[in-house]
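Here's the structure, in structure tokens; my notes come after.
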Amino acid sequence: MNQNRYIPPHRRRGLSSGGGRNERAHLDTRHFGKQEIVVTLKSKTKYQDLPGQQMEVKPLTPDILCQKFKLDFQQDKLRELMRWFRNIGRDDAKAVLEFPPCLDKGQRKDIHLLANNFGLGTSSQGFGDQRYLCVYTVEAAALGVEKISLTQEEKRKSDEVWFLVKKFGGRLVSKYSHNEISEMILADNLHPDLQDLFDKNQDILADEFADKCKIRSKKE
Numbered sequence: 001m002n003q004n005r006y007i008p009p010h011r012r013r014g015l016s017s018g019g020g021r022n023e024r025a026h027l028d029t030r031h032f033g034k035q036e037i038v039v040t041l042k043s044k045t046k047y048q049d050l051p052g053q054q055m056e057v058k059p060l061t062p063d064i065l066c067q068k069f070k071l072d073f074q075q076d077k078l079r080e081l082m083r084w085f086r087n088i089g090r091d092d093a094k095a096v097l098e099f100p101p102c103l104d105k106g107q108r109k110d111i112h113l114l115a116n117n118f119g120l121g122t123s124s125q126g127f128g129d130q131r132y133l134c135v136y137t138v139e140a141a142a143l144g145v146e147k148i149s150l151t152q153e154e155k156r157k158s159d160e161v162w163f164l165v166k167k168f169g170g171r172l173v174s175k176y177s178h179n180e181i182s183e184m185i186l187a188d189n190l191h192p193d194l195q196d197l198f199d200k201n202q203d204i205l206a207d208e209f210a211d212k213c214k215i216r217s218k219k220e
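Given below as structure tokens:
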């Protein structure tokens, strides 16, 4: 039964609060303004009450429709969208919202915070300038559909590359996220700049790993 399903603790806040209140202080108001974006809804149902101006509707598969609509990139409009999407997700659990790749890393982060506060799941897809954000229903989030599954070796490489990006990356820090690096490694498609950074700093990684081993040994 749905009442007994496991929902990770970080997903639970938005379910009882109605969403949209706890994350307000964490949003960067500089990311919001008069920008108009095109949002894509993939769902089993055609909705007449989209929270934006409808542009087109077309079948994606025999069971899935693709609806595109315009939306102002403003906090109140995005909160309204998340609330609406959470409501339709009760009967349309496989529905997905896709935000365009024109959004920068900071804007994607704010959408993630808003979605998470409504109990929704998120993940970013694609790499570099083509990276875009997906938002999933509460039901899909509870099942962990957006999670990246890495082997222990892949996870270690992801952590090491991210460590180097934060330490030496410069412009790479604002260009790539830890999740994007993980996805590249999962796809065996690490960007050449990141691979070069990784290859040239193996001695630093070896020292860092040795220091961590020493700390663990002392604790044990």
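When we follow full-length UniProt numbering, the leftmost residue of the sequence shown carries the number 1, and every step to the right adds one. A virtual CB, placed ideally from N, CA and C, is assigned to each residue, including glycine.
Simplified DSSP assignment, three categories, for residue i
i	result
K44	coil
L172	helix
K94	coil
G119	coil
K70	strand
S124	strand
Q133	It should be noted that the sequence gives Leu, not Gln, for residue 133. Strand.
L60	coil
L114	helix
D104	coil
I88	helix
I148	coil
D207	helix
L143	coil
D76	helix
E220	With a pLDDT of only 48 at E220, under 50, the local geometry of the prediction cannot be trusted, and the value read off the model is given with reservation. Reduced to three states, the DSSP call for E220 is coil.
D159	helix
R21	At R21 the pLDDT is 45, less than 50, meaning the model places this residue with poor confidence and gives no usable figure here.
S16	Reliability of the predicted coordinates at S16 is poor, the pLDDT of 36 falling under 50, and the value obtained from them is presented with this limitation in mind. Helix.
Endpoints, the alpha helix (DSSP H) within which residue i is located
i	result
P192	192-200
L186	178-186
Residues sharing a beta bridge with residue i, DSSP
i	result
I37	L71
L65	S43, P59
F99	L133
Q54	F69
Residue i: CB within 6 Å of a non-hydrogen atom of the ligand FAD
i	result
P62	Absent from the structure shown: the ligand FAD. Ligands present: none.
Test: residue i CB closer than 7 Å to a CB of chain B
i	result
D159	Checking the listed chains, one finds no chain B in this structure; it contains a single protein chain.
Using 8 Å as the cut-off, can you tell me whether the region 99-108 makes contact with the region 128-135, which would need three or more C-beta pairs spanning the two stretches below that distance?
yes
Can you confirm whether the region 184-195 touches the region 114-126 when touching is taken to mean that 3 or more C-beta pairs between the two stretches lie within less than 8 Å? no
Self-check item: Three or more C-beta pairs below 8 Å linking the region 201-208 and the region 149-164
Solution: yes
inquiry  = Closer than 8 Å is the cut-off here; do at least three beta carbon pairs connect the region 38-47 with the region 67-76?
reply    = yes
_Any contact between the region 46-66 and the region 108-125? By contact I mean 3 or more CB pairs, one from each, below 8 Å._
no
| said: Within 8 Å, do at least three Cβ pairs link the region 192-203 to the region 170-178? | reply: yes
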